[in-house]
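Residue numbers (my numbering), protein chains in the order written: chain A, 1 to 206; chain B, 1 to 222; chain C, 1 to 236; chain D, 1 to 50. All C-beta atoms, glycine included, are put in the ideal place defined by N, C-alpha and C.
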Amino acid sequence: MVVGRMITSLTAEKLACARGDRILFEGLSFRVEAGQALAVEGANGAGKTSLLRLIAGFLSPREGRLLLKTPEGESSDSDERAQAIGWLGHHDGLKPQLTVGEQLKSFAQLYRSTRDTDAVLEELGLARQKDFPCRFLSAGQRRRLALARLLVSGRPLWLLDEPFAALDKDGQALVARLMALHCGQGGLVIAATHEPLGLSNASIRL
Amino acid sequence: MSAFRALLGRDLRLAARSGGGAALALGFFALVATLVPLGIGPDVKILARIAGGILWVAAVLAGLLSLDRLFQGDFEDGSLDVIALSPLSLESVALAKILAHWFSTGLPLTLISPLLAILFNLPPGPTLVLFISLLIGTPSVSAVGAIGASLTLSLKRGGLILPLIILPLLTPAVIFGAGSVAALMDGMQPGGGLILLAAFAAAACLLSPFAAAAAVRLNLGG
Amino acid sequence: MQLLFRYANPHAFMRLSGALLPFTAAATILLIAIGLYLGFTVPPDYQQGMTVTMMFVHVPAATMAELAYGVIAVASFFSLVWRHPLSDVAARAAAPYGALFTALGLITGSLWGRPMWGTWWQWDGRLTSFLLLLFVYLGYMALWNAIEDETRAARAAAILGLVGAVNIPIIKFSVDWWTTLHQGESIISGKLAPVFLWPLLVMMAGYAFLFVTLWMIAIRTEILSRKARTLMLGGP
Amino acid sequence: MNFWDMGGYAAYVWPAYGVSALGLGLAVLWTLKAYGAAKARLKALEERKT
Chain A
1 MVVGRMITSL
11 TAEKLACARG
21 DRILFEGLSF
31 RVEAGQALAV
41 EGANGAGKTS
51 LLRLIAGFLS
61 PREGRLLLKT
71 PEGESSDSDE
81 RAQAIGWLGH
91 HDGLKPQLTV
101 GEQLKSFAQL
111 YRSTRDTDAV
121 LEELGLARQK
131 DFPCRFLSAG
141 QRRRLALARL
151 LVSGRPLWLL
161 DEPFAALDKD
171 GQALVARLMA
181 LHCGQGGLVI
191 AATHEPLGLS
201 NASIRL
Chain B
1 MSAFRALLGR
11 DLRLAARSGG
21 GAALALGFFA
31 LVATLVPLGI
41 GPDVKILARI
51 AGGILWVAAV
61 LAGLLSLDRL
71 FQGDFEDGSL
81 DVIALSPLSL
91 ESVALAKILA
101 HWFSTGLPLT
111 LISPLLAILF
121 NLPPGPTLVL
131 FISLLIGTPS
141 VSAVGAIGAS
151 LTLSLKRGGL
161 ILPLIILPLL
171 TPAVIFGAGS
181 VAALMDGMQP
191 GGGLILLAAF
201 AAAACLLSPF
211 AAAAAVRLNL
221 GG
Chain C
1 MQLLFRYANP
11 HAFMRLSGAL
21 LPFTAAATIL
31 LIAIGLYLGF
41 TVPPDYQQGM
51 TVTMMFVHVP
61 AATMAELAYG
71 VIAVASFFSL
81 VWRHPLSDVA
91 ARAAAPYGAL
101 FTALGLITGS
111 LWGRPMWGTW
121 WQWDGRLTSF
131 LLLLFVYLGY
141 MALWNAIEDE
151 TRAARAAAIL
161 GLVGAVNIPI
171 IKFSVDWWTT
181 LHQGESIISG
191 KLAPVFLWPL
201 LVMMAGYAFL
211 FVTLWMIAIR
221 TEILSRKART
231 LMLGGP
Chain D
1 MNFWDMGGYA
11 AYVWPAYGVS
21 ALGLGLAVLW
31 TLKAYGAAKA
41 RLKALEERKT
C-alpha cells in the first residue's frame, strides 16, 4: 500500500509506551480524521514527545497499535506510516554551515519533493536570507526554515513538537495559519503543545 | 537515486566546510609518517621494511579520527529524525555516510600515500602496491567504522569506545594491506594479499550498512 | 523451538538452573580432579619433555574462550531476532568468563612457549588471534557498560556480538595467512599421543562444566537483581 | 624423577597451573559473592514490601 497524498484517518488503540522500566502512558486511544488537528497536552516529561516518536515509528509501543487508513487500504506498519509523516522536532535539525537555500534544496531532493523551494521561502519570509549560512539566523528564523521543510515535504500527517516554541507573535500566527491551511487541504496535524492550538478539534492529556 | 546523491552531496559539503574536509586526516597521516622515522632513526633499510605497516596503521587511525561524528552531528541536532523519515532506507543512509566518509578520508590518504612512501624510501614497486592496497582497503575502514559510530551514537564520550570496538575488526585489512607490501619487499607476489583485502573490503562494505542501520534504528528510539 | 521457549522465561530458568547446578558443579570438580591426576602422571613427551603438561591448562582455556564467544553470538542472534529478554542476560553473563579464559589461554600459552622460543611472546598464529579475541571481548563488555538504558544496551551489544562473531573467523584466517607469510610456527604441531589425549579431553570437559556452572549462576544473579530493581521502582 | 621438578621445567609448569587456579578460583568466588549479594538485596526488598 503506497501512502498517497491523502490519509483518511489515524487511529490509536490502547497504546502503551515505557522508557526502560518507567511506564509513560498506557491505554491511550484516539482517532484523527483527515482535516483534523489533535493537541497533545501534558506536563514536561509526561511523554508528549515519546508519543510523537512512537507515531513516527522511532519507538515501538509496549502495547496497542496504530492504524493508518488511506484510500488505498489500511496498515499498522510503522515503516509505511513513516512515509506519510512530516516531522517538526524539538530541535530544528539545521546545519549551521549550510545556507538556507542549500539546506532546503537538498531536503527537497532527499524527500523527492516537486515543490518550488524559493516560493516556499518567500511564503515564510525567508527569501532575503536564502544565501545566509544558518548560523546567522535567529531562533525564530530557524524555526521558520524548519516549517518551510515541512511544507516542502508534502507529507499528509504533520507531527509537530512544540510548534509555537521560539516564535514571536506573528510567527505563531503564521504557524496557526499554516496548520489551518494544511487541515483545509485534508491533511492531519498532531502537535505536542503547552498552550492550546487555537484551531484544534480535539485534544488529549497525558 | 537522486535522494541518495542529495544526502551524499550534503555530507560532503558539510565535511568540506566544517571539518576542513580531508585536511584533518591528511595532516594526521603526514605527521605520523614524519614522526616514526624520527623515533626509529634514519636507517633507510629499516624504514623501507616497515613503511607498509606504518603507513597502513597510520591510515586506519587517520580514518578513525572523524568517525564518531559520522552520525553524531545529525543525531544531536535532530536532522537524523528527518532523514530517517525520508524515502531513503536507513541502510542507504548508512551507505551514503560511509561513502562521504571515505571521500573525505580514505581517498585523500590513498592519493598522498606515494608521497609519504618517499619519506620511507619505499621502492616504486611496493609504493604502487601500497597505493592499490589503500585504495581497496580504506573503504572497509569507513564501513566497519560506521558500525562503531552508530553503536556508540548515544554515548556522550562515544569516541573513546569506538576504537576499542572497531580496531580488532579491522586487523584483517591491516594484515592483508601491509602484508601485500611486505610480500613484494621479500620478492613474493603481492597479488594474494590484495585479492584477500578486496574480498574483506567488499564484505565489509556490503554487510556494515545493515548493521549500522540496525544500530541507528535502536538509537532513534532513545 | 518450543522447548527452548518454555525455559526462556526467567521463572522457569530459575527452577531449571536450580535443579542442574548441583550436578554441573559436582561434574566440574570431579572432571578437573581426574584431569589433574591423569595429567601429572603422564610420561614426558619425547619432544617437549614435561612442558607438555601445560597443554592441559592451555588448550581447555583457549577452547572455552572460543566456545564462550559462540554462546554470545547465538544469544545475540536470539536477542535480535526474537527479542528474548533472557538471551540478553545470557550473552552478557558469558562475556566475563570468555574474557577470563582468553586471558588464561594467553598466559599459559606464553608460559608453554617460553622454553621453546626463549621469549615470553612469539607472534605465533594461535596466540595472536587469542590476543585479538581478548580485545573483541573487552570491546563487547565496554559497550554493555557504556550504555545506561538497559534495552538499548542489550540491542547494541547484540549487534556488536554478531558483527564480532562474523569477524572472528576472518581475523583467525588473516592471522594464519600472516604467520605463513612470516614463517612463524605454531605450538601444537603434530599428532597427539593418546596418553596425552585423555587428560586433555577430561580437562576440557571440566572447563566446559565450570563455564556452564558459573554462567548459570551469573544469569540467576542478573535475574534476581532485575527483580530487585523492579521492586525498588515500585513495580508489581 | 622428582615430581616437583617437572623435568626441569618447574619454573614454567607450576606458574601456568598457579595462574589458572588463581584465575578460575577468583572467578568462582566473584560469581558466588555476586549471587549472594543479589539474593540478599532481593530478600531485604521483599521483606520491606510485605
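| said: One question on the structure: do G125(C) and T51(C) come within less than 8 Å of each other, judged by their Cβ atoms? | reply: Taking the third sequence and counting its residues from 1, the one referred to as residue 125(C) is at position 125. Taking the third sequence and counting its residues from 1, the one referred to as residue 51(C) is at position 51. The Cβ atoms of G125(C) and T51(C) lie no closer than 8 Å to each other.
| What are the start and end residues of the beta strand (DSSP E) that includes A18(A)? | As a position in the first sequence, residue 18(A) is number 18, starting the count at 1. Per DSSP, A18(A) belongs to the beta strand (DSSP E) from S9 to R19.
| said: Going by C-alpha to C-alpha distance, which of R15(C), Y37(C) and F23(C) sits closest to V195(C)? | reply: Mapped onto the third sequence, residue 195(C) falls at position 195. Ranking R15(C), Y37(C) and F23(C) by Cα distance to V195(C) puts Y37(C) first.
| task | Give the residues of chain B in contact with S106(A), contact being defined as C-beta atoms less than 7 Å apart. | result | Locating residue 106(A) in the first sequence gives position 106, counting from the first residue. Those are A6, G9 and R10, listed as they occur along chain B.
| query | Does the separation of the CB atoms of G98(C) and A73(C) fall below 8 Å? | reply | For this step, residue 98(C) is matched to residue 98 along the third sequence. For this step, residue 73(C) is matched to residue 73 along the third sequence. Cβ distance not < 8 Å, so G98(C) and A73(C) don't count as in contact.
| query | For T128(C), which residues of its own chain have a beta-carbon under 6 Å away from its beta-carbon, when the five flanking residues on both sides are left out? | reply | For the purposes of this step, residue 128(C) is taken as residue 128 along the third sequence, with counting starting at 1. Counting only Cβ-Cβ distances below 6 Å, and skipping sequence neighbours, we find V175.
| task | Could you confirm whether any beta carbon from chain E is found closer than 8 Å to the beta carbon of L231(C)? | result | Among the protein chains of the structure shown, namely A, B, C and D, there is no chain E.
| query | Do you know offhand how far W158(A)'s Cα is from A158(C)'s? | reply | Position 158 of the first sequence holds residue 158(A). Position 158 of the third sequence holds residue 158(C). Computed Cα separation, rounded: 34 Å.
| With distances taken between CB atoms, is the gap from L109(B) to T138(B) smaller than 8 Å? | Here residue 109(B) refers to the residue found at position 109 of the second sequence. Here residue 138(B) refers to the residue found at position 138 of the second sequence. Less than 8 Å separates the beta-carbon of L109(B) from that of T138(B).
| request: Closer than 8 Å, Cβ to Cβ, to anything on chain C: give me those residues from the segment 127-140 of chain B, in chain order. | output: none
| query | In or out: V3(A) buried (at least 16 other Cβ within 10 Å) or exposed? | reply | For the purposes of this step, residue 3(A) is taken as the residue at position 3 of the first sequence. The predicted model places V3(A) with a pLDDT of 44, which falls under 50 and marks its position as unreliable, so this point remains unresolved.
| query | In the segment 27-57 of chain C, which residues sit with their C-beta less than 7 Å from some C-beta in chain D, listed in chain order? | reply | For the segment 27-57 of chain C, which is checked against every Cβ of chain D, the residues closer than 7 Å are P44, G49, M50, T51, T53, M54 and V57.
| task | Evaluate I190(A) with the Cβ neighbour count: other Cβ atoms within 10 Å of its Cβ, from every protein chain shown; 16 or more gives buried, anything less gives exposed. | result | Your numbering for residue 190(A) matches position 190 in the first sequence. By the 10 Å Cβ count, I190(A) comes out buried.
| task | Could you please tell me which residues of the segment 188-219 of chain C, in chain order, have their CB closer than 8 Å to any CB of chain D? | result | L210, L214, I217 and A218
| Along chain C, in chain order, which residues have C-beta atoms closer than 8 Å to that of G25(D)? | Counted from its first residue, the fourth sequence places residue 25(D) at position 25. Simply none; closest approach about 11 Å.
| said: For a test of the three-state rule: what should DSSP assign to M1(C), helix, strand or coil? | reply: Position 1 of the third sequence, counting from 1, holds the residue named residue 1(C). In this prediction, M1(C) scores a pLDDT of 48, lower than 50, which makes its location untrustworthy; no coordinate-derived value is stated.
| message | Between which residues of its own chain and L220(B) is the CB-CB distance below 8 Å, once the five residues before and five after are set aside? | response | Here residue 220(B) refers to the residue found at position 220 of the second sequence. The residues are L80, D81 and A84.
| Members of the segment 99-120 of chain C near chain D, C-beta cut-off 8 Å | L100, A103, L104, I107, T108, L111, W112, R114 and P115
| field | Exposure of Q36(A), with buried meaning 16 or more beta-carbon neighbours within 10 Å | value | As a working note, residue 36(A) is residue 36 in the first sequence. The residue in question, Q36(A), is buried, as its Cβ has 16 or more Cβ neighbours within 10 Å.
| query | Does any residue of chain C bring its CB to less than 8 Å from the CB of F71(B)? | reply | Here residue 71(B) corresponds to residue number 71 of the second sequence, with the count starting at 1. Answer no: the Cβ-Cβ gap between F71(B) and chain C never drops below 8 Å.
| Extent of the continuous alpha helix (DSSP H) run through L38(A) | For the purposes of this step, residue 38(A) is identified with residue 38 of the first sequence, where counting begins at 1. Looking at the DSSP string, L38(A) is not in any alpha helix (DSSP H); the run it does join, the beta strand (DSSP E), is A37 to E41.
| Could you give the distance in angstroms between the alpha-carbon of I219(C) and the alpha-carbon of E150(C)? | Taking the third sequence and counting its residues from 1, one reaches residue 219(C) at position 219. Taking the third sequence and counting its residues from 1, one reaches residue 150(C) at position 150. Using only the alpha carbons, I get a separation of about 15 Å.
| request: Keeping to the same chain, check which residues put their C-beta closer than 7 Å to that of M1(C); ignore five residues upstream and five downstream. | output: Working through the third sequence from its first residue, we reach residue 1(C) at position 1. Caution is warranted here: a pLDDT of 48 is assigned to M1(C), below 50, making its placement in the model unreliable, and no coordinate value can be reported.
| request: With a threshold of 16 other CB atoms inside 10 Å of the CB of V36(B), please say whether the residue is buried or exposed. | output: Along the second sequence, read from residue 1 onward, the residue named residue 36(B) stands at position 36. It counts as buried.
| query | How would you list, in chain order, the residues of chain D whose beta-carbon sits under 8 Å from the beta-carbon of A228(C)? | reply | Locating residue 228(C) in the third sequence gives position 228, where the first residue counts as 1. Going along chain D in sequence order, the residues near A228(C) (Cβ under 8 Å) are A38, R41, L42 and L45.
| task | Flag A61(C) as yes if its beta-carbon sits less than 8 Å from any beta-carbon of chain D, otherwise no. | result | In the third sequence, residue 61(C) corresponds to position 61, counting from 1. Yes, because at least one Cβ of chain D sits closer than 8 Å to the Cβ of A61(C).
| said: Considering only DSSP beta bridges, list what K97(B) is partnered with. | reply: The residue given as residue 97(B) occupies position 97 in the second sequence. DSSP, once it has assigned bridges, lists no residue as partnering K97(B).
| query | Do you know how far the Cα of A26(C) is from the Cα of V93(B)? | reply | Numbered from 1 along the second sequence, position 93 holds the residue referred to as residue 93(B). Numbered from 1 along the third sequence, position 26 holds the residue referred to as residue 26(C). The straight-line gap from Cα to Cα measures roughly 54 Å.
| Rounded to whole angstroms, how far is the Cβ of A182(B) from the Cβ of L70(B), which I believe are closer than 8 Å? | Start at 1 with the first residue of the second sequence, and residue 182(B) comes out as number 182. Start at 1 with the first residue of the second sequence, and residue 70(B) comes out as number 70. Actually they do not touch by this definition, with Cβ atoms about 31 Å apart.
| said: For a contact defined as C-beta to C-beta under 7 Å, what are the partners of Y97(C) on chain D? | reply: What you label residue 97(C) is simply residue 97 of the third sequence in a count that begins at 1. Here the neighbours are A27.
| field | Distance between I112(B) and L8(B) (C-alpha atoms, nearest Å) | value | Counting from one through the second sequence, the residue named residue 8(B) turns up at place 8. Counting from one through the second sequence, the residue named residue 112(B) turns up at place 112. Their backbone Cα atoms lie some 23 Å apart in a straight line.
| query | Hey, quick one: how far does the alpha helix (DSSP H) through S113(B) stretch, first residue to last? | reply | Counting from one through the second sequence, the residue named residue 113(B) turns up at place 113. For S113(B), the uninterrupted alpha helix (DSSP H) segment begins and ends at L107 to L119.
| How would you write the range of the beta strand (DSSP E) that A214(B) sits in, first residue to last? | Here the question's residue 214(B) lines up with position 214 in the second sequence. Per DSSP, A214(B) belongs to no beta strand (DSSP E); it is in the alpha helix (DSSP H), G191 to L220.
| Rounded straight-line distance, which links the Cα of L54(A) to that of A173(A) | The residue you call residue 173(A) lines up with position 173 of the first sequence. The residue you call residue 54(A) lines up with position 54 of the first sequence. Approximately 28 Å between the Cα atoms of the pair.
| field | Three-state class that DSSP yields for F29(B) in the structure shown | value | The sequence position of residue 29(B) within the second sequence is 29, counting from 1. Helix, per DSSP.
| said: Below 7 Å, is the gap between the Cβ of H182(C) and the nearest heavy atom of the ligand MN? | reply: You won't find the ligand MN in this model; it holds no ligand whatsoever.
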